Structures are given as structure tokens and as C-alpha cells.
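Please read the structure below before turning to the comments.
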Amino acid sequence: MKKIIFTGLLLLAANNVFAQPADNDNNQPTVTNQTGYSRPEANQRFKKYLNNAFGPTALIGPVFSAGFRQINNRPEEWGKNSEGFARRFGDSVARNLIKQTVTYSMDEALKLDSNYYRSSKKDFKSKFSNAVVSAFTSRNSKGKRVVGIPIIVGTYSSAIIANETWMPKRFGYRDGLRDGSISMVTRIGVNLMREFVFKKK
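The numbering of the sequence shown is this note's numbering, which starts it at 106 and goes up by one.
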């Protein structure tokens with residue numbers, strides 16, 4: 106519950122910048138509007154989705170997640186053997202696939218862009234703010250930040266579906282809400298790494 110409340114507070118804190126233009130990324134398309142942003146072409150958006158859902162980078166997170174849960178034997182019903190690791194890895198892969206598919210589909214339907222763009226500014230405050238706000242926002246066709254409905258729905262739906270279907274019977278939608286909230290907050294950490302550690306897109 107505390108994590109859910111914390112997530113809500115972050116959303117409220119981000120509310121005062123929803124109307125600001127999005128920061129540019131070094132790999133932005135060359136044709137831009139007055140905000141300096143141009144929504145990627147359809148083929149670029151689909152290629153990005155395929156990479157996020159099926160590419161090599163889509164396996165890195167599940168490997169670490171499965172390894173961490175293997176060490177802590179979570180859930181304990183799956184055991185700490187090789188089969189347990191395989192189930193944890195499959196769980197993480199499936200969650201990511203659902204999240205990426207829902208996010209991409211809603212982006213297309215709502216004409217939004219939920220991809221992450223590093224700040225074009227170099228100062229710490231701007232980079233930190235961009236990392237936090239981007240975790241809960243998307244960009245519309247004009248490059249302005251709006252509530253990231255695709256990100257939020259994709260994250261929570263994947264967690265709830267997992268906990269209501271293939272997870273052990275003691276898990277349910279409440280565990281999905283908890284996992285979704287943790288994932289939303291984790292996005293901030295990932296974005297901070299993108300801003301300050303990993304410079305390449």
C-alpha cells in the first residue's frame with residue numbers, strides 16, 4: 106500500500122510539467138515541429154516494439170529478475186532448482202511481452218509516444234527531473250507530456266494478468282497491483298541509469 110501511495114505522489118508531482126515540451130533525444134528524427142519533437146515513423150515505432158518485446162535487451166531484465174527471485178526462492182512453490190529458475194524466467198519474459206504489447210497498442214490507438222528520451226540539457230536537475238517524470242508520462246503528436254496511460258495500463262495489466270493466471274493460487278490481483286506499483290517506481294531507477302550511466306539509446 107505504501108508503494109502505491111508513493112507512486113500516486115510521484116504522479117501528482119509530475120502534474121506541473123505535463124504541459125511542457127518533451128526533451129529531445131540525440132536519435133530524434135530530423136523533421137521536427139516547434140517543440141523540437143517529431144513522432145517516429147510507423148516502421149520505427151514497430152521496430153522499437155519488436156526490440157523491446159523480443160530483442161536481446163528484452164532478455165536481460167528477465168535473467169536478473171529470475172536470478173534474484175531464485176536466490177530468494179520467490180515464489181517458494183516453484184523451488185530453487187533449474188525448473189524453478191525456468192519458470193521464473195518465463196514469468197518475467199511473459200510479463201514484459203504483455204507490457205510491451207499493451208503499451209505499443211495503446212500508443213498507436215491514442216497516437217502517443219511512450220518511449221524514453223534522454224534530456225537534451227546537461228545539468229543534473231534537468232536530467233534527474235526528466236528521468237522521474239518520463240516514468241509516468243508519454244508524448245503526444247506535438248511533443249507535449251501527457252499522463253502516460255499506455256505505460257501505466259501496460260505495466261499494471263501485465264502484473265495483474267500474471268498474478269491471476271500462472272502464478273501460484275495464493276496470488277491475486279492485489280499482488281498484481283503491488284507488483285505494478287513496484288515496476289512503475291523501478292522505471293525511475295532505469296531512467297536514471299539511462300541519463301547518467303548508459304549514454305547510448
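All residues carry an ideal CB built from backbone N, CA and C; glycine is no exception. Source: prediction; values computed, not measured.
| Item | Value |
| --- | --- |
| Pair within 8 angstroms by beta-carbon distance, residue 272 and residue 180 | yes |
| Same chain, Cβ closer than 8 angstroms to residue 300, neighbours up to 5 away in sequence not counted | 223, 224, 232, 233, 235, 236 |
| Sufficient close CB pairs (3 or more, under 8 angstroms) joining the region 262-281 to the region 185-204 | yes |
| Residues bridged to residue 218 [DSSP beta-bridge criterion] | 244 |
| Any 3 or more C-beta pairs closer than 8 angstroms across the region 208-215 and the region 148-162 | yes |
| Exposure label - residue 229; buried when at least 16 CB within 10 Å | exposed |
| Residues that DSSP places opposite residue 250 in a beta bridge | 244 |
| Where residue 272 sits in the DSSP three-state scheme | coil |
| Residue nearest to residue 215 in terms of C-alpha spacing, selected from 193, 239, 245 | 245 |
| Under 8 angstroms between C-beta atoms of residue 243 and residue 218 | yes |
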